Every structure is written in C-alpha cells, then in structure tokens.
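Participant:
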Amino acid sequence: MRRYTVFAAVVLALVVVSISVSTARAAGIVYGKVEWTDSTTIIFKEYGGAIHRLPVDLNAPVTLNGRPVRLVDLKAGTAVTVYYEIGPVAPVAMGIAAMARFGPPGGG
C-alpha cells in the first residue's frame with residue numbers, strides 16, 4: 011500500500027509539472043497608464059479600468075519614446091504597452107514600450 015501511495019504522488023507531481031510547463035509560454039499585450047514603478051515591478055491601469063501589478067523580467071527592454079530607459083524612469087500617467095508572458099506562478103512583463111506626451115498639456 012505504501013508503494014502505491016508513493017507511486018501515485020510521483021505521478022501526480024509529474025502531471026502538475028507538465029501542465030505548468032505547457033502553459034508557461036502564453037503571451038499577451040496590455041495597454042494602459044503607469045500608476046507606479048520601482049526597479050522590478052510596474053503597477054499600471056489598463057484603459058478598461060483594471061489595475062495590474064506585474065513583476066518585470068530583469069532582461070526586459072524598457073523604452074520611452076523609442077529610447078532605452080530604466081523602469082523607474084517611467085512616471086505616473088505615462089502611456090505604456092506591456093508585453094507579458096504567463097509564467098509558472100504569475101504573469102511576468104517581458105517588455106515595456108512607453109510613450110510620453112509631447113508639449114504641454116492642452117497643446118498650449
């Protein structure tokens with residue numbers, strides 16, 4: 011009976027691992043505005059109203075108006091396109107393209 015229990019636990023573990031590995035590469039794109047950033051995380055509000063908090067991959071390219079910047083250089087209100095992958099535990103941002111407004115607000 012003990013061997014059966016151990017065998018069943020090993021099979022279950024292998025099934026769980028294979029399911030998580032097969033879903034680890036789904037990708038998506040979300041558009042919104044920055045709420046807050048630090049060196050490893052972005053919080054942004056999607057145009058539909060949902061607020062997302064995503065860890066950012068250490069090798070993720072971050073650009074502002076097409077130029078490379080640090081994640082912490084993105085200020086609240088900056089429009090962003092966040093490219094993410096579904097990791098084994100949670101979504102992870104794999105790239106961020108930001109666009110700042112040109113000129114003063116209101117076009118003045």
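The opening position of the sequence shown corresponds to residue 11 in the working numbering, with each subsequent residue numbered one higher. For each residue, glycine too, the CB sits at the ideal point set by N, CA and C. Note that the structure is predicted; figures quoted are calculated from it, not measured.
#1: What number of angstroms, rounded off, separates the C-alpha of Tyr94 from the C-alpha of Ala100?
#2: Within 10 Å of its beta-carbon, does Ala86 have 16 or more other beta-carbons around it, so buried, or fewer, so exposed?
#3: Measuring alpha carbon to alpha carbon, tell me which of Leu81, Ile61, Arg77, Ile53 ends up nearest Ala70.
#4: What are the start and end residues of the beta strand (DSSP E) that includes Arg63?
#5: Rounded to the nearest angstrom, what separates Val102 and Ala108 at their Cα positions?
#6: Would you mind sorting Ile106 into buried or exposed? The rule is 16 or more other CB atoms within 10 Å of its CB.
#7: For the putative contact between Thr51 and Pro65, defined by C-beta atoms under 8 Å, what is the C-beta separation to the nearest angstrom?
#8: Please classify Leu84 as buried or exposed, where buried requires at least 16 other C-beta atoms within 10 Å of its C-beta.
#9: Which residue's Cα is closest to the Cα of Val72: Ile61, Lys43, Val90, Ala60?
#10: Spell out the partners DSSP gives Tyr94 in its beta bridges.
Facilitator: Straight from the coordinates:
#1: So the alpha carbons of these two residues sit roughly 10 Å apart.
#2: A residue is called buried once 16 or more other Cβ atoms fall within 10 Å of its Cβ, and Ala86, having fewer, is exposed.
#3: Nearest option by C-alpha distance: Leu81.
#4: Bounds of the beta strand (DSSP E) holding Arg63 are 61-65.
#5: Roughly 17 Å between the two C-alpha positions.
#6: It is buried - the Cβ of Ile106 has at least 16 other Cβ atoms within 10 Å.
#7: Yes, they are in contact, since the Cβ atoms of Thr51 and Pro65 sit about 6 Å apart, within 8 Å.
#8: Under the 10 Å beta carbon count, Leu84 is surrounded by 16 or more other beta carbons and is classified as buried.
#9: For Val72, the nearest C-alpha among the options comes from Val90.
#10: Its beta-bridge partners are Gly38, Ala103.
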